[in-house]
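First the structure, in the form of structure tokens, and then the observations on it.
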Amino acid sequence: MSGSSSVKVKKVTQFLNRKYGTIVWWNASTDEVMIGAVLTPQTRWENVEKALRYLRLEGLCSIAAIRDADHATLENAIRCTGFFRIKSARLKSLATRVMDELGGIGAMASQSDDDLRKNLLGIHGIGEETADSILCYGFSRPRFVIDAYTDRICRCAGITTNRHALKSLFEKVLPHDAGVFQQVHAHIVEYAKEYCGKRRCKECTLRTLNG
DNA sequence: GACCAGGTCCTTG
DNA sequence: CAAGGACATGGT
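Taking the working numbering, the leading residue of the first sequence gets 196, the next gets one more, and so forth.
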């Protein structure tokens, strides 16, 4: 059963790679990836980018600046992403922990994948998806991001919908390389946005890949 | 107005 | 532990 899941994952990722080729999807500094990852939940990406622009204008697009930022200024800059009170608190706790207890981003960059992940998950407001997003896109670590779009793709392709199972499946099947993980996840997001609705997939052809 | 958007945490049963 | 709700703005 797990063998056939592996085959499905390979077929899906090859199909997406032929369809989209190489795409640059989220090329940003570690600081910006961390901030964006906290702002992303339940929010359109365009609004996250808008908030990042506001933060840049306020000089708040870095972890160090956010730690020292005025609450009201921070909240106003990210208001357009929704949940702005919670998210500003999460940014604050993230920035404080990173700067004051983890030795800054430079020190984190020299930690092992597992230690880094553990430290991120220990921060209030950082869950599995946000942590893996930061690991994969911000620190170029081979941790596969499972999000709502991955769920949909796998539902359409007839692969398990259990997130932990999916994560280990993708990490087992794909080459253990952060760049590959970034590409595959970017492909999944592109495809799901276009073809896979929240409840039902529209005209995606993933189901037929197995036959 | 209804429904959705790249989660996470807290509270209940 | 599973399920339900809260968090909040912006777009279709």
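Every residue, glycine too, gets a C-beta built ideally from N, C-alpha and C.
Only a predicted model underlies this, so the values are computations on that prediction, with no experimental measurement involved.
Check: Quick check on the DSSP output: what are the complete alpha helix (DSSP H) runs of length 4 or more inside the region 219 to 294, in order along the chain?; Outcome: 225 to 234, 240 to 252, 258 to 263 and 266 to 273
Check: Going by the CB atoms, is the gap between A387 and I348 shorter than 7 Å?; Outcome: yes
Check: So which of N357, L286 and H266 has the shortest CA-CA distance to I321?; Outcome: L286
Check: Short of 7 Å in beta carbon distance, which residues of its chain neighbour K362, apart from the five on each side in sequence? Order them along the chain.; Outcome: F339 and I341
Check: Per DSSP, what kind of secondary structure is C351 in: helix, strand or coil?; Outcome: helix
Check: On the CB-based measure, 16 or more other CB atoms within 10 Å of its CB, does P236 come out buried or exposed?; Outcome: buried
Check: Using a Cβ-Cβ cutoff of less than 7 Å, which residues in the same chain neighbour C275 once the five nearest sequence positions on both sides are dropped?; Outcome: N242, K245 and A246
Check: Can the beta-carbon of T225 be found less than 7 Å from the beta-carbon of G333?; Outcome: yes
Check: To the nearest angstrom, how far is it from the Cα of E323 to the Cα of G374?; Outcome: 19 Å
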